[in-house]
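These notes are about the structure you will find just below.
Chains as they are written, first to last, in the working numbering: chain X, 1 to 254; chain S, 255 to 625.
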């Protein structure tokens, strides 16, 4: 939980946004900007007290970036991810993803945005326990009304690429933590999203599994998949193309 | 999506089975009570069709009040517009059972027996003829119960009668009727020349309602029931009976519905996180609604099928058991089956509505935080 503070910082300016863009250690200025977060804030009330979970966050992300978001517990990392992922509504600011202003998308269309533009990876995998690995990956494609044959093929291919070709019919309880997380990655990739949002994806796995997950992320990033990873783990951050540090709801170091 | 619905039901086998049983029990009650009501309905409709062309004339004091004699029949016959009139004596066949079996002695003038019973047809033999005294025509249930054939001897009130006619099955009160000559009946039950009521047949061009009023005014000490009035009166009585029987069935089904709602609410609460995940990966509100409502409706459907099957078997067994006493109490009609099935589906869907609404309205973030 971030500290309770009265908002006094000024809004991030367009220049600052520009600077951030220039500072991008991706180095490839030709690469397309896939996401822009402008002055994103989230305030909620706890009784009579206003809590600023996120203040005027500005981020620019290029296509194919593997971006780490670090910070202490309660600093606002997950809130940032939830706002980008449209799981929560921002109090102020904008998130432009793949040319769409997510903050102005009507509530009714948000599920479609989540399906088509965003892939989620969670710390606790969040797989549906009663479905097999293949069915879990198929799930978001079901909601996109992808025909059965096509979604089965796509899910199978993704799982095979992630080394789970022999685990297709296994339920999550029959898979190791690393395997479950790879199923979760496959699920996130299923609808070919513009960005993958991973919230502490290595938080529950051993170092060996962590390395394999990071390796998958790097490979995906090299193929042009944009990934935002919230992590506590410096080893994960080290492998990312850029690191954002966030403290008390404010992006400190970009 | 249907496979997910079935899987969710199958994943909670015991709970789902208990819920389905709850609905099945309700639908069982609907079937049994409904079958009873349907049987009465059919008997009522057929009885109405059998007697719909006649005006009933009673003593002012009612059917059991006495005071209606053969002389009154002559008075009724004299009223303008009355084509024919004859008195009937009606009494219970099994006095020791207080008439609970529904069997009735019907004393009819022999020459009028075919018109009095019209349009009931004979299965065998003949109607009563003038001059018959200890001859009897019996309804189909009486024939079956006492294993009577034409020429059989049949004991009524310590006297032996010869069976001369057997009526076709009608599904009406005539199936339990024992028809004997009026005079014989009056002697047998020692009622002098009294009759229970008079049937007045209107002329073709005469309005039965108008004639009914005219008889009341012309023949002192009588009250009448025109075919329309009789139908209204009978329908009201039937309606009350139906409301009582059907509502007890519906009450049981509603309890089954609450059972589904409870299960679905528990299931939705347990699966809060799952719904959060589904929403996070792009499930629409309608997808969540479909999943939850589909589950409830499926349980309603399964409960309906089970309830109908068990109810039908129970009705069959009870009818078979009651066949020994020659009483038909239950009748399952296609209409009843359709109503029971629709009711099961409706109960399932309605019970799932609130849990589905709750599931669909969950904030994905809040749902994901749920332990």
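Glycine is no exception: its CB is placed at the ideal position from the N, C-alpha and C atoms.
Being a predicted model, the structure only gives us computed values, none of them experimental.
Evaluate contact between the segment 92 to 99 of chain X and the segment 121 to 138 of chain X, counting only Cβ atoms and requiring at least three cross-stretch pairs below 8 Å. no
If we cut at 7 Å on Cβ distances, does residue 87 of chain X have a partner in chain S? The residue given as residue 87 of chain X occupies position 87 in the first chain. With 7 Å as the cut-off, residue 87 of chain X counts as an interface residue toward chain S.
Would you be able to state if there are at least three C-beta pairs under 8 Å between the segment 71 to 89 of chain X and the segment 158 to 170 of chain X? By the Cβ test, the segment 158 to 170 of chain X is not in contact with the segment 71 to 89 of chain X, since fewer than three Cβ pairs between them sit closer than 8 Å.
According to DSSP, is residue 86 of chain X helix, strand or coil? The sequence position of residue 86 of chain X within the first chain is 86, counting from 1. In this structure, residue 86 of chain X counts as coil in the three-state DSSP scheme.
Which stretch, first to last residue, makes up the alpha helix (DSSP H) that contains residue 608 of chain S? Translated into the one-based positions of the second chain, residue 608 of chain S becomes position 354. Start and end: 588 to 614.
Confirm, please, whether the CB-CB distance from residue 311 of chain S to residue 494 of chain S is below 7 Å. Working through the second chain from its first residue, we reach residue 494 of chain S at position 240. Working through the second chain from its first residue, we reach residue 311 of chain S at position 57. No, the Cβ-Cβ distance between residue 494 of chain S and residue 311 of chain S is not below 7 Å.
Compare the beta carbon distance of residue 441 of chain S and residue 335 of chain S with 7 Å and say whether it is the shorter of the two. Locating residue 441 of chain S in the second chain gives position 187, counting from the first residue. Locating residue 335 of chain S in the second chain gives position 81, counting from the first residue. Result no, Cβ atoms of residue 441 of chain S and residue 335 of chain S do not sit closer than 7 Å.
Using a Cβ-Cβ distance under 7 Å, would residue 283 of chain S count as near chain X? Within the second chain, the letter at position 29 stands for residue 283 of chain S. Not one chain X Cβ lies under 7 Å of residue 283 of chain S.
Any idea what DSSP makes of residue 80 of chain X, helix, strand or coil? Numbered from its first residue, the first chain carries residue 80 of chain X at position 80. If DSSP states are grouped into helix, strand and coil, residue 80 of chain X belongs with the helices.
Span of the alpha helix (DSSP H) around residue 539 of chain S: The residue you call residue 539 of chain S lines up with position 285 of the second chain. Per DSSP, residue 539 of chain S belongs to the alpha helix (DSSP H) from 539 to 576.
Three-state secondary structure (DSSP) at residue 513 of chain S? Position 259 of the second chain holds residue 513 of chain S. The answer is helix: DSSP assigns residue 513 of chain S an H, G or I state.
Taking 6 Å as the limit between beta carbons, can you name the residues of its chain near residue 610 of chain S, skipping five residues before and five after? Translated into positions along the second chain, residue 610 of chain S becomes position 356. Result list for residue 610 of chain S: 543, 546 and 547, in chain order.
Residue 226 of chain X vs residue 49 of chain X beta-carbon contact at 7 Å: Numbered from its first residue, the first chain carries residue 226 of chain X at position 226. Numbered from its first residue, the first chain carries residue 49 of chain X at position 49. In this structure, residue 49 of chain X does not lie closer than 7 Å to residue 226 of chain X by Cβ.
At the level of alpha carbons, what is the spacing between residue 246 of chain X and residue 252 of chain X? Taking the first chain and counting its residues from 1, one reaches residue 246 of chain X at position 246. Taking the first chain and counting its residues from 1, one reaches residue 252 of chain X at position 252. In a straight line, the C-alpha of residue 246 of chain X is about 5 Å away from that of residue 252 of chain X.
I'd like the list of long-range same chain contacts for residue 615 of chain S, defined as Cβ closer than 7 Å, with 5 residues on each side in sequence excluded. As a first step, residue 615 of chain S is located in the second chain; it is residue number 361 there, counting from the start. Same-chain partners within the cutoff: there are none.
List the residues of chain X whose Cβ lies closer than 7 Å to the Cβ of residue 265 of chain S, in chain order. Counting from 1 along the second chain, the entry for residue 265 of chain S is found at position 11. Chain X residues near residue 265 of chain S: 130.
Do residue 566 of chain S and residue 586 of chain S have their C-beta atoms closer together than 7 Å? For the purposes of this step, residue 566 of chain S is identified with residue 312 of the second chain, where counting begins at 1. For the purposes of this step, residue 586 of chain S is identified with residue 332 of the second chain, where counting begins at 1. The answer is yes: Cβ separation under 7 Å.
List, in order along the chain, the chain X residues whose C-beta lies closer than 7 Å to that of residue 619 of chain S? The sequence position of residue 619 of chain S within the second chain is 365, counting from 1. Correct list: 82, 87 and 88.
How many Å lie between residue 461 of chain S and residue 604 of chain S at the Cα? Within the second chain, residue 461 of chain S is the residue found at index 207, counting from 1. Within the second chain, residue 604 of chain S is the residue found at index 350, counting from 1. The straight-line gap from Cα to Cα measures roughly 50 Å.
Across the segment 148 to 157 of chain X and the segment 198 to 213 of chain X, are there enough close Cβ pairs to call them in contact, namely three or more that are closer than 8 Å? no
Could one say the Cβ of residue 288 of chain S lies closer than 7 Å to chain X's Cβ atoms, at least one of them? Along the second chain, read from residue 1 onward, the residue named residue 288 of chain S stands at position 34. Closer than 7 Å: no.
Taking C-alpha atoms, which residue in X:56, X:39 and X:144 lies nearest to residue 255 of chain S? Here residue 255 of chain S corresponds to residue number 1 of the second chain, with the count starting at 1. With respect to the C-alpha of residue 255 of chain S, the residue from X:56, X:39 and X:144 having the closest C-alpha is X:144.
Against chain S, with Cβ distances strictly below 7 Å, would residue 249 of chain X count as a contact? The sequence position of residue 249 of chain X within the first chain is 249, counting from 1. With 7 Å as the cut-off, residue 249 of chain X does not count as an interface residue toward chain S.
Run of the beta strand (DSSP E) containing residue 445 of chain S, from where it starts to where it stops: Counted from its first residue, the second chain places residue 445 of chain S at position 191. Neither: residue 445 of chain S is in no beta strand (DSSP E) and is coded neither H nor E.
When the cut-off is 7 Å and only beta carbons count, does residue 586 of chain S lie next to chain X? Within the second chain, the letter at position 332 stands for residue 586 of chain S. Closer than 7 Å: no.
Pull up the CB-CB distance for residue 69 of chain X and residue 244 of chain X, whole angstroms please, since I reckon it's below 8 Å. Working through the first chain from its first residue, we reach residue 69 of chain X at position 69. Working through the first chain from its first residue, we reach residue 244 of chain X at position 244. So it is a contact: roughly 5 Å between Cβ atoms.
Where the beta strand (DSSP E) through residue 389 of chain S begins and ends: On the second chain, position 135 is the one that residue 389 of chain S refers to. Element bounds for residue 389 of chain S: 389 to 392.
Is the Cβ-Cβ distance between residue 196 of chain X and residue 119 of chain X less than 7 Å? Walking along the first chain from the start, residue 196 of chain X turns up at place 196. Walking along the first chain from the start, residue 119 of chain X turns up at place 119. Yes, the pair counts as a contact, with Cβ atoms nearer than the cut-off.
Determine whether the Cβ of residue 114 of chain X lies closer than 7 Å to any Cβ atom of chain S. Within the first chain, numbered from 1, the residue matching residue 114 of chain X stands at position 114. Residue 114 of chain X counts as touching chain S.
Name the DSSP bridge partner or partners of residue 310 of chain S? As a working mapping, residue 310 of chain S is identified with position 56 in the second chain. Answer is S:453 and S:479.
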